[in-house]
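Per full-length UniProt numbering, the very first residue in the sequence shown carries number 1; after that it's consecutive.
Below is one structure, written out as structure tokens; comments come after it.
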Amino acid sequence: MYLYFEFAKPKMKKKPNKNTHKIHNYEYYTSGRYIDYISRPSAVYIQNDNENRTTLLAEMDSKKLNVNLFMKSKLLINQLSEKHIDGYGFKEESKKLEGKTGLHKLFEKNLIDIDPKEAKEEFKKLENNNQFIWEITLNPGQLGIDNQMVDKNEWNEILNKHMKSLLKANKLDPNKIEGYWALHSNSKYPHIHLGFFEKETNHSNNYRQSGKFSSKSVERFKYLFENSIKTQAEYQNLFSLKNSIWNNRKEIKELFLSTIALKNKQETKSYEALSANELKILNASKVIANFYKNSKSKSYAAAKNNLEVKEAINDIYEAIVENNQKLALAVTKYKQEFESINKAKFSDKYSAGLKDEFVANEKDEFEKQIGNIIVKQCLKMNAKEKEVQTSLNYQEKDLKQDFNDDELPIGLSFYPYKYDEISKLKRMIRSLNYEFNRLSRSQKFQALRKYKKNISGVKSKVIL
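Have a look at this one:
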């Protein structure tokens, strides 16, 4: 971290600046030459109002540029001279650059571009004052590149935060300070130029008598600024990952709902025509419906401790995902990003804590949302089946008035719409299959319950 600090006062003799090779005396600032220097189009980094770390890094990736080249492409002079084949495109780009100067005011929460003329006028007001003007050049070097510091909002937040501490440590009130800064990306590393002064006297009606800042406070400022770049980048990366995972979860939920809705609209198949996947869903649905028949709560949480129902819900989840390629791809992407954030390491304790909290809650939230969708749809299907069955019962009653079982061929009894032995056998097989699955599942979970009694600290996670 490189920090260059200097100051000036009327009649104060100074040596040439190491970077500009010019003498940064009091007149250099009040004449407006300093503002001209830090706001020149060939040096200032320009960022649109609606851009942030995520959008900028996405743009950088799409252009296949490294941080240094990308930030140089954002220089005001490069954006102004950029050629557009489409005339309308040029007009649109020009509109985006209207009012963009790359010059900003210190301690402004929102990043607003300042007209250099306005800043010059403020410095010019100091011509006859016997006060100090300070200048800081701050260059994080490779740290800024490694942590992809492409978002000016991050620079602004870090600068504002630690400048307040630096000023207070040197008995200056941040509320009585006026400052202007610019982010330059014209060299190997992005860096900040900041000029500031007292805009009013202290309680004794005096300006600060010394221009020097304590070396200890300056070193601490450097350390805090450097540390914030690391943690800010970590926090922003965490925030970006979390948003991506949430968006993926939302997409999965919508795809899941639309897939189930489509299945419900499809023509009802006979039991014999069902695929293995559809039979799996049917059998699992019956287990779920049977459980919730006697449950006051109709949410997924009600089945939290019931392994049989949770596996039935998971059976439906797996069957639906397996049968929908788009949904399967979305789930795969979600799992990969979840694993990525789960394995991510953060040096900042705050970011690390947020990550752990997110990982702990996200899996449960995903399971709960999908579980609730499945339960709701199963209960809806069950309600429809009851309506159909009621309708069939009434039809059967009406038809039975026209048919006498004694008059039917030997071995046959009345079945609506089907009057042959084969249909009767098929119905019997269906009932036996369902009963076999129910008993098999019941025995399986009785064994699991006995096993879980002997194992403590095991948390059941079905989905994912």
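Backbone N, C-alpha and C fix where the C-beta goes; we use that ideal spot for every residue, glycine too.
Do you know how far the Cα of residue j is from the Cα of residue i?
{"i": "Ala289", "j": "Lys326", "result": "28 Å"}
{"i": "Thr332", "j": "Lys363", "result": "14 Å"}
{"i": "Lys63", "j": "Gly141", "result": "23 Å"}
{"i": "Asn243", "j": "Lys161", "result": "26 Å"}
{"i": "Phe366", "j": "Lys380", "result": "21 Å"}
{"i": "Asn68", "j": "Lys304", "result": "52 Å"}
{"i": "Leu3", "j": "Ala330", "result": "47 Å"}
{"i": "Val388", "j": "Cys378", "result": "Its pLDDT being 43, under 50, Val388 is placed unreliably by the model, and the measurement read from it follows with that caveat. Spanning the two alpha carbons is a distance of roughly 15 Å."}
{"i": "Asn156", "j": "Lys355", "result": "25 Å"}
{"i": "Asn19", "j": "Lys120", "result": "21 Å"}
{"i": "Ile35", "j": "Ser340", "result": "45 Å"}
{"i": "Asn206", "j": "Asn170", "result": "15 Å"}
{"i": "Pro116", "j": "Ile77", "result": "16 Å"}
{"i": "Lys368", "j": "Ala276", "result": "26 Å"}
{"i": "Asn139", "j": "Asn342", "result": "33 Å"}
{"i": "Phe7", "j": "Thr137", "result": "12 Å"}
{"i": "Asp113", "j": "Leu106", "result": "11 Å"}
{"i": "Leu399", "j": "Leu282", "result": "The pLDDT assigned to Leu399 is 45, lower than 50, so where the model puts this residue is not dependable; a value taken from the coordinates is nonetheless given after this. Approximately 29 Å between the Cα atoms of the pair."}
{"i": "Phe5", "j": "Gly32", "result": "19 Å"}
{"i": "Glu251", "j": "Pro190", "result": "38 Å"}
{"i": "Ala328", "j": "Met1", "result": "47 Å"}
{"i": "Gln79", "j": "Gly353", "result": "40 Å"}
{"i": "Phe291", "j": "Asn248", "result": "31 Å"}
{"i": "Lys212", "j": "Val218", "result": "10 Å"}
{"i": "Lys109", "j": "Leu238", "result": "22 Å"}
{"i": "Asn314", "j": "Thr259", "result": "16 Å"}
{"i": "Tyr317", "j": "Leu257", "result": "11 Å"}
{"i": "Ile245", "j": "Lys253", "result": "12 Å"}
{"i": "Ser187", "j": "Phe70", "result": "12 Å"}
{"i": "Glu308", "j": "Glu337", "result": "29 Å"}
{"i": "Val359", "j": "Val287", "result": "31 Å"}
What do you reckon, are the CB atoms on residue i and residue j nearer than 7 Å?
{"i": "residue 494", "j": "Ala182", "result": "Outside the displayed span of the chain (1 to 464) sits residue 494, for which this structure offers no information."}
{"i": "Tyr235", "j": "Ser351", "result": "yes"}
{"i": "Lys22", "j": "Tyr45", "result": "no"}
{"i": "Ser295", "j": "Ala301", "result": "no"}
Closest by CA to residue i, which one among the options?
{"i": "Ser299", "options": "Gly371, Ile316, Met71 and Leu126", "result": "Gly371"}
{"i": "Asn128", "options": "Tyr26, Ala58, Glu59 and Leu138", "result": "Tyr26"}
{"i": "Tyr29", "options": "Val44, Lys124, Ile252 and Phe5", "result": "Lys124"}
{"i": "Gly99", "options": "Asn139, Leu167 and Pro41", "result": "Pro41"}
{"i": "Val375", "options": "Asn50, Asn66, Lys293 and Ala360", "result": "Lys293"}
{"i": "residue 466", "options": "Ser297, Ala301 and Glu311", "result": "Here the chain covers residues 1 to 464 and nothing more, so residue 466 does not appear."}
{"i": "Glu203", "options": "Phe197, Ile316, Phe70 and Leu172", "result": "A quick correction: the sequence has His, not Glu, at residue 203. With distances taken between Cα atoms, His203 lies closest to Leu172."}
{"i": "Arg220", "options": "Ile260, Asp49, Leu166 and Asn306", "result": "Leu166"}
{"i": "Glu322", "options": "Lys296, Leu194 and Lys280", "result": "Lys280"}
{"i": "Thr201", "options": "Gln209, Leu194 and Gly195", "result": "Gln209"}
{"i": "Glu122", "options": "Phe196, Val218, Gly211 and Val359", "result": "Phe196"}
{"i": "Leu126", "options": "Glu108, Leu143, Phe225 and Glu198", "result": "Glu198"}
{"i": "Lys72", "options": "Asn306, Asp49 and Ser185", "result": "Ser185"}
{"i": "Ile320", "options": "Glu278, Lys222, Asp151 and His24", "result": "Glu278"}
{"i": "Met163", "options": "Lys222, Asp151 and Gln336", "result": "Lys222"}
{"i": "Asn66", "options": "Thr101, Met149 and Asn48", "result": "Met149"}
{"i": "Asp151", "options": "Glu51, Leu97 and Ser215", "result": "Glu51"}
{"i": "Ser214", "options": "Lys168, Glu59 and Leu241", "result": "Lys168"}
{"i": "Glu226", "options": "Val287, Leu241, Asp146 and His193", "result": "Asp146"}
{"i": "His193", "options": "Ser240, Asn48, Gln47 and Ala43", "result": "Ala43"}
{"i": "Thr101", "options": "Ser297, Asp61, Ile158 and Gln47", "result": "Gln47"}
Which residue comes first and which comes last in the alpha helix (DSSP H) that contains residue i?
{"i": "Gly179", "result": "Unbroken run through Gly179 is the beta strand (DSSP E), Ile177 to His184; no alpha helix (DSSP H)."}
{"i": "Asn277", "result": "Ala276 to Lys293"}
{"i": "Lys335", "result": "Gln325 to Lys343"}
{"i": "residue 466", "result": "Lying outside 1 to 464, the shown extent of the chain, residue 466 is not represented and no answer is given."}
{"i": "Leu69", "result": "Val67 to Ser73"}
{"i": "His203", "result": "Element bounds for His203: n/a, residue is neither H nor E."}
{"i": "Ile77", "result": "Leu76 to Ser81"}
{"i": "Asn306", "result": "Taken as a continuous stretch (DSSP letters only), Asn306 belongs to no alpha helix (DSSP H), as it is neither H nor E."}
{"i": "Ile35", "result": "Arg33 to Ile38"}
{"i": "Gly144", "result": "Gln142 to Asp146"}
Looking at the unbroken beta strand (DSSP E) that takes in residue i, where does it start and where does it end?
{"i": "residue 475", "result": "Residue 475 cannot be examined here, being either before or after the span of the chain that is shown, 1 to 464."}
{"i": "Tyr4", "result": "Tyr2 to Ala8"}
{"i": "Asn160", "result": "Asn160 -> not in any beta strand (DSSP E); alpha helix (DSSP H) instead, spanning Lys152 to Ala169."}
{"i": "Thr55", "result": "Thr55 -> not in any beta strand (DSSP E); alpha helix (DSSP H) instead, spanning Arg53 to Lys63."}
{"i": "Leu106", "result": "No beta strand (DSSP E) holds Leu106; DSSP gives it neither H nor E."}
{"i": "Ile133", "result": "Ile133 to Asn139"}
Could you check whether the Cβ of residue i sits closer than 7 Å to any Cβ belonging to chain C?
{"i": "Ser347", "result": "The structure shown contains no chain C; it is built from a single protein chain."}
| field | Cβ pair count under 8 Å reaching 3, the segment 7 to 16 against the segment 132 to 149 | value | The answer is yes - the segment 132 to 149 touches the segment 7 to 16, with three or more Cβ pairs under 8 Å.
| query | Are three or more beta carbon pairs between the segment 335 to 351 and the segment 215 to 234 nearer than 8 Å? | reply | Touching, per the Cβ criterion.
| said: Contact between the segment 45 to 59 and the segment 170 to 181 is defined here as three or more beta-carbon pairs at a separation below 8 Å; is this criterion met? | reply: The segment 45 to 59 vs the segment 170 to 181: no contact.
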